[in-house]
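Colleague:
Following this line, the structure appears as structure tokens:
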């Protein structure tokens with residue numbers, strides 16, 4: 633009867649009968665007993681190199697077979713930490729999980745992009761090392777749209793190039809840009825018109841109107857001065873070309 637033992641060179645261990653790499657001496661079993669074993673209790677994204685030794689009924693052993701090396705799968709990474717840094721960039725922090733390299737997916741609406749090595753976003757996934765992704769510090773994604781929601785997730789790749797699923801997504805808006813060309817003009821003893829340019833902000837961006845001398849906000853419903861908290865609403869609600877914003881109660 634021919635029996636076989638399985639040896640793993642990185643650990644210097646033999647596969648035990650319980651299919652764990654714990655054997656200091658060979659475990660000799662027939663092919664049917666081994667039955668294509670699944671080795672358990674291994675480390676994630678780690679290369680293991682297996683070879684086989686055969687033994688005949690007189691306990692004469694063959695040389696080991698040519699070694700076969702393979703990586704275990706990487707674990708799905710931890711969801712990234714995302715924060716807004718500017719109007720066109722987000723800060724992304726990736727955890728140091730078991731993967732060899734990581735890809736950062738950035739989704740807005742129906743558009744899917746990926747973080748590139750230079751910090752921009754592109755059409756194809758680029759797998760970067762943990763050090764390239766900031767080594768625990770933030771990595772900035774540049775070239776994003778102002779005040780826009782981006783959904784960020786991460787996938788890992790093991791040493792054999794097998795990719796994990798993407799993590800749970802982390803959603804964050806880029807910062808809004810301060811309005812430009814703010815102007816005001818008196819239209820009476822207690823009224824004034826106010827206008828501004830929304831700059832690069834999308835039309836969904838909300839603005840609040842504040843009067844510095846009185847330290848009061850303009851009520852977005854009545855357009856009267858006197859609100860003690862910011863009244864946020866979109867520009868088109870504040871005013872339009874045919875319906876100017878006239879503040880009252882001045």
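Residue numbers (my numbering): 633 to 882. Each residue gets a CB set at the ideal place from its N, CA and C atoms; glycine is no exception.
1) For the 8 Å Cβ check, are there 3 or more pairs between the region 775-794 and the region 699-712?
2) Using only CA atoms, which one of 826, 859, 870, 639 lies nearest to residue 697?
3) Might you give, ordered along the chain, the residues of its own chain that have their beta carbon closer than 6 Å to the beta carbon of residue 673, omitting 5 neighbours on each side?
4) Using 8 Å as the Cβ pair cut-off and three pairs as the minimum, do the region 836-850 and the region 868-881 touch?
5) Which same chain residues end up closer than 8 Å to residue 797 when comparing Cβ atoms and leaving out the 5 residues on each side of it in sequence?
6) Pick out whichever of 763, 765, 764, 739 has its Cα sitting closest to the Cα of residue 754.
7) Can you tell me whether residue 779 is buried or exposed? The criterion is at least 16 other CB atoms within 10 Å of its CB, across all chains shown.
8) Among 717, 810, 726, which residue has its Cα nearest to the Cα of residue 800?
9) Determine the contact status of residue 806 and residue 716, defining contact as a CB-CB distance below 8 Å.
10) If you draw a straight line from the C-alpha of residue 705 to the C-alpha of residue 793, how long is it?
11) Which residues in the same chain as residue 819 place their Cβ atom closer than 7 Å to its Cβ, once the five residues preceding and following it in sequence are excluded?
Modeller: So, from the data block:
1) Short answer: they touch.
2) As a working mapping, residue 697 is identified with position 65 in the chain shown. Answer by Cα proximity: 639.
3) For the purposes of this step, residue 673 is taken as the residue at position 41 of the chain shown. Within the same chain, residue 673 has close Cβ partners 652.
4) Yes, the region 836-850 touches the region 868-881.
5) Position 165 of the chain shown, counted from the start, is the residue given in the question as residue 797. 708, 787.
6) Counted from its first residue, the chain shown places residue 754 at position 122. Ranking the options by Cα distance to residue 754, first place goes to 739.
7) As a first step, residue 779 is located in the chain shown; it is residue number 147 there, counting from the start. When all chains shown are included, residue 779 counts as buried.
8) Counting from one through the chain shown, the residue named residue 800 turns up at place 168. Among 717, 810, 726, the Cα nearest to that of residue 800 is on 726.
9) Translated into the one-based positions of the chain shown, residue 806 becomes position 174. Translated into the one-based positions of the chain shown, residue 716 becomes position 84. Closer than 8 Å, so yes.
10) As a first step, residue 705 must be located in the chain shown, where it is residue number 73. As a first step, residue 793 must be located in the chain shown, where it is residue number 161. Answer to the nearest angstrom: the Cα atoms are 9 Å apart.
11) Here the question's residue 819 lines up with position 187 in the chain shown. If you ignore the 5 residues before and after residue 819, its C-beta comes within less than 7 Å of the C-beta of 825, 878, all in its own chain and listed in chain order.
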